[in-house]
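Enquirer:
There are 6 protein chains.
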Amino acid sequence: MPIISVKMTKEDGGATLEQKEELAKSISETFSKIFNRPSSNAVVLIEEHSTDNYYIGGKSVTKIREQQKIK
Amino acid sequence: MPIISVKMTKEDGGATLEQKEELAKSISETFSKIFNRPSSNAVVLIEEHSTDNYYIGGKSVTKIREQQKIK
Amino acid sequence: MPIISVKMTKEDGGATLEQKEELAKSISETFSKIFNRPSSNAVVLIEEHSTDNYYIGGKSVTKIREQQKIK
Amino acid sequence: MPIISVKMTKEDGGATLEQKEELAKSISETFSKIFNRPSSNAVVLIEEHSTDNYYIGGKSVTKIREQQKIK
Amino acid sequence: MPIISVKMTKEDGGATLEQKEELAKSISETFSKIFNRPSSNAVVLIEEHSTDNYYIGGKSVTKIREQQKIK
Amino acid sequence: MPIISVKMTKEDGGATLEQKEELAKSISETFSKIFNRPSSNAVVLIEEHSTDNYYIGGKSVTKIREQQKIK
Chain A
1 MPIISVKMTK EDGGATLEQK EELAKSISET FSKIFNRPSS NAVVLIEEHS TDNYYIGGKS
61 VTKIREQQKI K
Chain B
1 MPIISVKMTK EDGGATLEQK EELAKSISET FSKIFNRPSS NAVVLIEEHS TDNYYIGGKS
61 VTKIREQQKI K
Chain C
1 MPIISVKMTK EDGGATLEQK EELAKSISET FSKIFNRPSS NAVVLIEEHS TDNYYIGGKS
61 VTKIREQQKI K
Chain D
1 MPIISVKMTK EDGGATLEQK EELAKSISET FSKIFNRPSS NAVVLIEEHS TDNYYIGGKS
61 VTKIREQQKI K
Chain E
1 MPIISVKMTK EDGGATLEQK EELAKSISET FSKIFNRPSS NAVVLIEEHS TDNYYIGGKS
61 VTKIREQQKI K
Chain F
1 MPIISVKMTK EDGGATLEQK EELAKSISET FSKIFNRPSS NAVVLIEEHS TDNYYIGGKS
61 VTKIREQQKI K
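Protein chains in written order, with UniProt numbering: chain A, 1 to 71; chain B, 1 to 71; chain C, 1 to 71; chain D, 1 to 71; chain E, 1 to 71; chain F, 1 to 71.
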């Protein structure tokens, strides 16, 4: 019964349901295969956070993305 | 000063304020009684997450609920 | 399938297994009763942290406890 | 590569972008200075939560604020 | 820069370094492939918790494992 | 009453008590100053994790540190 929490930035309109399902399914199966425990128990919780709330090196991901576009 | 985080799926319109207050009060008092520490310090944070973001065994709770309704 | 995380300070030798079981059982049942969902799905994870790693108002719980004993 | 998560109540319209940037920058630099590791790696994630979901001593911050205003 | 936290029970002597590396690598690559973002940024943090601290339906995983062995 | 969680790798024998106190104090005061709320309420929880359990881009910090030393 692992609990897997995924915190990611919400970008380009956000993750689609298909992407989230694929991610959760893949993580659950990978965990199951590596540890030989049933995947039926894996809990995956996906949280998308605004790039205004996510900072790397003290700089918001919003600003980081802007600077990447300029380059 | 325990920190209790409750992450749950948002279903049927979401938890009401009364339900959340009852939950936080009950958890704080239970903690206080069991460990003999003042309940005034307990912090409870309740987060409701979309059933689209919550996966069990690689399947979204949205899908799990749909399948339960069919049965 | 709520995920309830309890982070508390490890004091007086730490919580006993009986205390932790009582806490987890009580929280699961309370959640189940309030939200009318089966308690069989509630996941409770209890973490005890050193009072050296837990700070309130910038002061470690270790120091807070020392000052409380003096008074 | 420390991960710093800040969970706070959303009050008075919420934290401004400037406040959040200042907080993330300051925490990253403080960490870097104390531990002598590059600040470029620090990840800061700020979450604001409704005062209806945040409880201290079993009482919502919403109620606590109301009672503080009366006094 | 997703932050992926894996909380699992420590069983059978605990996860080996090889298992943890495989898990982190696989999750990072899966995330990268699905969202088309570089895997170099993914942070994975694996925590193993005692079965005495992990409860499902109010019952410790320690007890659940004992009952499974009897059957 | 912000809850600030700091998850960092345990390196060079681990953070000293002085370093952790300085970090918690500084974060609490910074928060207080920026948001004009009392620092007495800030909760800071510092967790140190083994470099074997911390992965960046699918590579453990243990391995990253080894490769940095070679260079």
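The beta-carbon is built from N, C-alpha and C at its ideal position, and this holds for glycine as well.
1) Against Lys7 of chain E, what residues of chain C qualify as contacts under a CB-to-CB distance less than 8 Å, listed in chain order?
2) Measuring alpha carbon to alpha carbon, tell me which residue in D:Arg65, D:Phe35 and D:Lys69 is nearest Lys10 of chain D.
3) Helix, strand or coil for Lys71 of chain B per DSSP?
4) Please report whether the beta-carbon of Ile3 of chain F lies at a distance below 8 Å from any beta-carbon of chain B.
5) Just checking: is the beta-carbon of Lys20 of chain F within a distance shorter than 8 Å of some beta-carbon in chain C?
6) Just to make sure I have the definition right: I need the residues of chain B whose C-beta is within less than 7 Å of the C-beta of Ile56 of chain D. Which are they?
7) Just to confirm my understanding: we take Pro2 of chain A, look at its own chain, exclude 5 residues before and 5 after, and list those with CB closer than 6 Å. What are they?
8) Using a Cβ-Cβ cutoff of less than 6 Å, which residues in the same chain neighbour Ala24 of chain E once the five nearest sequence positions on both sides are dropped?
9) Taking C-alpha atoms, which residue in B:Lys63, B:Asn36, B:Lys69 and B:Lys71 lies nearest to Glu18 of chain A?
10) Listing by chain order, which chain F residues have their CB less than 8 Å from the CB of Ser60 of chain C?
11) For a test of the three-state rule: what should DSSP assign to Ser28 of chain C, helix, strand or coil?
12) For Thr30 of chain E, return the contacting residues in chain A, with the cut-off set at a CB-CB distance below 9 Å.
13) For residue 88 of chain F, tell me which candidate among D:Arg37, D:His49, D:Phe35 and D:Glu21 has the shortest Cα-Cα distance.
14) Examine chain E for any beta-carbon lying closer than 8 Å to the beta-carbon of Ser50 of chain C, and answer yes or no.
15) In the DSSP assignment, find the unbroken beta strand (DSSP E) run with Thr9 of chain A in it and report its ends.
16) Just to confirm my understanding: we take Ile56 of chain D, look at its own chain, exclude 5 residues before and 5 after, and list those with CB closer than 7 Å. What are they?
17) In whole angstroms, what is the alpha-carbon distance linking Ala15 of chain C and Gln68 of chain E?
18) Compare the Cα-Cα distances from Lys59 of chain C to each of F:Ser28, F:Glu47 and F:Ser60 and report the closest residue.
19) Looking only at its own chain, which residues have a Cβ that is under 6 Å from the Cβ of Glu47 of chain C, when we skip the five neighbours before and after it?
20) For a test of your reading of the model: does the CB of Ile46 of chain C fall under 7 Å from any non-hydrogen atom of the ligand FMN? Yes or no.
21) What is the DSSP secondary structure of Ser50 of chain B, reduced to helix, strand or coil?
22) Could you check the C-alpha separation between Arg37 of chain C and Ser39 of chain B for me, to the nearest Å?
23) Work out the CA separation of Asp52 of chain E and Ile70 of chain E for me, nearest whole Å.
24) Using a threshold of 8 Å, state whether the C-beta atoms of Ser26 of chain C and Ser5 of chain B are closer than that.
25) Taking the C-alpha atoms as reference points, what is the distance between Ser50 of chain A and Ser50 of chain D?
26) DSSP has Val43 of chain C in a bridge; who is on the other side?
27) Classify Thr62 of chain E as helix, strand or coil using the three-state DSSP reduction.
Expert: On the basis of the supplied data:
1) Leu45
2) D:Arg65
3) Under the three-state reduction of DSSP, Lys71 of chain B is assigned to coil, being neither helix nor strand.
4) yes
5) yes
6) Val43
7) The residues are Phe31 and Ala42.
8) Val44
9) From the listed residues B:Lys63, B:Asn36, B:Lys69 and B:Lys71, the smallest Cα separation to Glu18 of chain A is found for B:Lys63.
10) In chain order: Leu17, Lys20, Glu21 and Ala24.
11) helix
12) Glu22, Leu23, Ser26, Ile27 and Thr30
13) Absent from the structure is residue 88 of chain F, since the part of chain F shown begins at 1 and ends at 71.
14) no
15) Ile3 to Thr9
16) Ile64
17) 26 Å
18) F:Ser28
19) Lys7
20) Annotation note on the ligand FMN: not contained in the displayed structure, which lists no ligands.
21) coil
22) 26 Å
23) 18 Å
24) no
25) 16 Å
26) C:Ile3 and E:Ile56
27) helix
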